[in-house]
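In full-length UniProt numbering, the protein residues as written are 1 to 416.
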Amino acid sequence: MTQSSYIAKSPKVAIIGGGPAGLMAAETLSLAGIHVDLYDAMPSVGRKFLMAGKGGMNITHSEAAAQFLSRYGTRQAQIAPLLDTMSPQTLREWIHELGIDTFVGSSGRVFPTDMKAAPLLRAWLHRLREAGVSFHMRHRWTGWDSGKLKFNTPDGTTSSEADAVVFALGGGSWARLGSDGAWANVFSEHGIAVSPLKPANCGFHTNWSEHFISRFAGVPLKTIAISMQDEHAASQHKQGECMITEHGIEGSLIYALSAHIRNTIEAKGEATVHLDLLPDRPLAQVFADVSHPRGSRSLSSHLQSRLGIKGIKAGLLRELVSAQDYANPVKLSHAIKALPLKLSSTRPIDEAISSAGGVDFAGLDAHLMLKAMPGVFCAGEMLDWEAPTGGYLLTACFASGRSAGLGVIDWLKAHQ
């Protein structure tokens, strides 16, 4: 028996938002024989999805399930049932069904073979159109009017009715691609609990000197580790690479700790992270090399010869270590292994890769339906969760879209 046979009549479902969550909800519903009208404010769907794939479409991750789930931090309990409907492996199989092969990179991340998002999106949209999904572009949802959905369009204001609605409007980052977070005020005005949207996977400000900025802004900082005491006084440690910017620091290593850094700044006014410039060398070895007689060589030449410290790493030591400590082998060695960097604030949310905050899970049932608005479901980044880069963001968006779609099917079955 197919899912469609459970539905007594032909209902009409509206999906607001054409990112991965909205498109997956549309697929789940249309394959069950339900007519779907998908609305998006932009001229085409999947714009943020395409932008995320420009540097290589990291679709999910191949690590063990428990480790994968741990990436969702305090929202593991809420994300786990979503992943039950679409696990990373299920997601890969779904991509393969679209005719797109995938491979696992050296880091465990999963990519389409050609590393691109566009072919996947084209194949997906073809499937959705074949299934009867109707797309309504340049339709910006602005709220409700006597139960009807209101939209601003190039031709003026219009409204539409639906038997059920799935909202998948994204978070608050990359507004130019459609995720401007404007929906949060509309939801709040209707009594729906929404946690404030905050930048996630974002850069942070620090007070670099003009001299340092002129030499090193835009320079990658490779093969380092970062450690910190988070907002709960727990130790956090990650290894990788990041980027120096004119405002501070950003990149994958910073993104992996961005939630802890942001929360610490909120709690204490600033956060201090410690950079290990030589994570593969123990402190004792670093001290031995720093203390080794250098003859007539300058200390900078000595550090380059003995430890390979040059360029950006040498610049950081000069920027953050006092002249007195720089000349002290003990203090310099400790600085090389744990260089303190104070971070004062996040970069603006619109620059962030993703956002935290959103619709509170307490206001949703197990199928992602708003308890206060029966027949209205939410999915994707507009829910109150966050995750680091590495495929975790996209996987949860896909999974929540499928979960919301299945929830709509169950709700329609019970109410028709």
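Ideal placement from N, C-alpha and C gives every residue a C-beta, glycine not left out.
Which residues does DSSP list as the beta-bridge partners of Tyr39? Here Tyr39 is bridged, per DSSP, to Ile16 and His136.
Contact test: Thr245 Cβ vs the ligand MG heavy atom, cutoff 7 Å: Here there are no bound small molecules, and the ligand MG is not part of this structure.
Taking Cβ to Cβ, would you say Ser354 is nearer than 8 Å to Glu319? In this structure, Glu319 does not lie closer than 8 Å to Ser354 by Cβ.
Can you tell me whether DSSP reads Met86 as helix, strand or coil? Here Met86 sits in coil by DSSP.
Out of Ile244, Trp208 and Ala234, point me to the one whose CA is closest to His222's CA. It should be pointed out that residue 222 corresponds to Lys in this sequence rather than to His. Of the listed residues, the one whose Cα sits closest to Lys222 is Ile244.
Between which two residues does the alpha helix (DSSP H) containing Lys222 stretch? Per DSSP, Lys222 belongs to no alpha helix (DSSP H); it is in the beta strand (DSSP E), Pro220 to Gln229.
Where does Cys202 sit, in a helix, a strand or coil, going by DSSP? Of the three classes helix, strand and coil, the one that applies to Cys202 here is coil, per DSSP.
Return the first residue and the last residue of the alpha helix (DSSP H) that Ser188 is part of. For Ser188, the enclosing alpha helix (DSSP H) begins and ends at Trp183 to Glu189.
Helix, strand or coil for Val273? Go by DSSP, reduced to three states. Note: Val273 maps to strand in three-state DSSP.
Coarse secondary structure for Glu386, derived from DSSP in three states: Three-state DSSP puts Glu386 in coil, outside helix and strand.
Nonlocal neighbours in the same chain, by C-beta distance under 8 Å from Thr2, ignoring five residues either side: The pLDDT assigned to Thr2 is 41, lower than 50, so where the model puts this residue is not dependable; a value taken from the coordinates is nonetheless given after this. Ala32 and Gly33, listed in sequence order.
Quick check: what's the CA-CA separation for Phe377 versus Ile409? Between the C-alpha atoms of Phe377 and Ile409 there is a straight-line separation of about 11 Å.
Could you say which of Ser400, Val45, Lys310 and Trp183 lies nearest to Val219 if we only look at CA atoms? Minimum Cα distance to Val219 is reached at Lys310.
Based on Cα-Cα distance, which residue from Ala379, Phe287, Met228 and Gly407 lies nearest to Phe398? Check the Cα spacing between Phe398 and each of Ala379, Phe287, Met228 and Gly407: the tightest is with Ala379.
Distance CB(Leu169)-CB(Leu23) smaller than 8 Å: Taking C-beta atoms as the reference points, Leu169 and Leu23 fail to come closer than 8 Å.
Helix, strand or coil: how does DSSP classify Gly358 here? Three-state result, Gly358: strand.
C-alpha distance - Lys12 paired with Ala162, whole-angstrom precision: Roughly 5 Å between the two C-alpha positions.
How would you call His260, buried or exposed, if buried means at least 16 neighbouring beta carbons within 10 angstroms? Around the beta carbon of His260, 16 or more other beta carbons lie within 10 angstroms, which makes this residue buried.
Integer Cβ distance of Gly17 from Gly46, believed to fall under 8 Å: In this structure Gly17 does not touch Gly46 by the C-beta definition: roughly 11 Å separates them, more than the 8 Å allowed.
Look up Arg402 in the DSSP assignment and say whether it is helix, strand or coil. It is helical.
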